[in-house]
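Right, one structure below, let's go through it.
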Amino acid sequence: MEKMLIPAKFVQWYINKEHLNSRMAIVLGPLGKVYSIKLQMDQIDMFFAHEWSQFVAFHGITEADSLLLRYDGNMAFTVKVFGPDGCQRECRHEGIGVQQNEQKINIFIIFLSLVGMELKM
Numbered sequence: 001m002e003k004m005l006i007p008a009k010f011v012q013w014y015i016n017k018e019h020l021n022s023r024m025a026i027v028l029g030p031l032g033k034v035y036s037i038k039l040q041m042d043q044i045d046m047f048f049a050h051e052w053s054q055f056v057a058f059h060g061i062t063e064a065d066s067l068l069l070r071y072d073g074n075m076a077f078t079v080k081v082f083g084p085d086g087c088q089r090e091c092r093h094e095g096i097g098v099q100q101n102e103q104k105i106n107i108f109i110i111f112l113s114l115v116g117m118e119l120k121m
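Letter by letter, the sequence shown follows residues 1 to 121 in UniProt numbering.
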């Protein structure tokens, strides 16, 4: 996957011309790593290109996976990866799985404290 199409209707409705001229997008990966990805345009379509293949390789994304991209505005996107079974996929990059699990536990504890529940360990 050297590049990925950004649907023309999405570009038309959500991306203003000022941002189109920048030819750069910021992509926050599933592990929190930020990527600057160059955009490629032809007469009709826009693509994530160049660094996109590095992003895909780093996260072990295959054609069997599905990606959910949330547009955060100002050419910034957040990406979540889902496996063929439809479940959100853990990262396949070595040495990061433990950090990700610790982060999930911390987020869960913060959530419990926000809703006023006690965590008994």
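Each residue gets a CB set at the ideal place from its N, CA and C atoms; glycine is no exception.
Here the structure is a predicted model, which is why all the values come from computation and not from measurement.
Taking residue i as the reference, give the member of the options with the closest Cα.
i   : options            : result
F10 : M75, G86, Q88, K80 : M75
L39 : L28, S22, F55      : S22
N16 : G73, R89, T78      : G73
I37 : V27, E90, L20      : V27
H50 : A25, W13, Y71      : A25
Quick one, are the C-beta atoms of residue i and residue j less than 9 Å apart?
i   : j   : result
H59 : V81 : yes
G86 : A64 : no
V79 : L68 : yes
P30 : R89 : yes
L20 : M4  : no
I44 : M1  : no
Residue i bridges to which residues according to DSSP?
i   : result
A76 : I26, G73
Y35 : V27
I6  : M46
Take the Cβ of residue i as the centre, count every other Cβ of all protein chains shown within 10 Å, and call the residue buried at 16 or more, exposed below.
i   : result
M46 : buried
W52 : buried
Measure from the C-beta of residue i to each C-beta in chain D and report whether the shortest distance is under 9 Å.
i   : result
H59 : This model lacks chain D altogether; it includes just one protein chain.
task = At 4 residues or longer, and completely inside the segment 42-69: list those alpha helix (DSSP H) runs for me, N to C.
result = Annotation note: the segment 42-69 contains the following uninterrupted alpha helix (DSSP H) runs of length 4 or greater, listed N- to C-terminal: 52-58.
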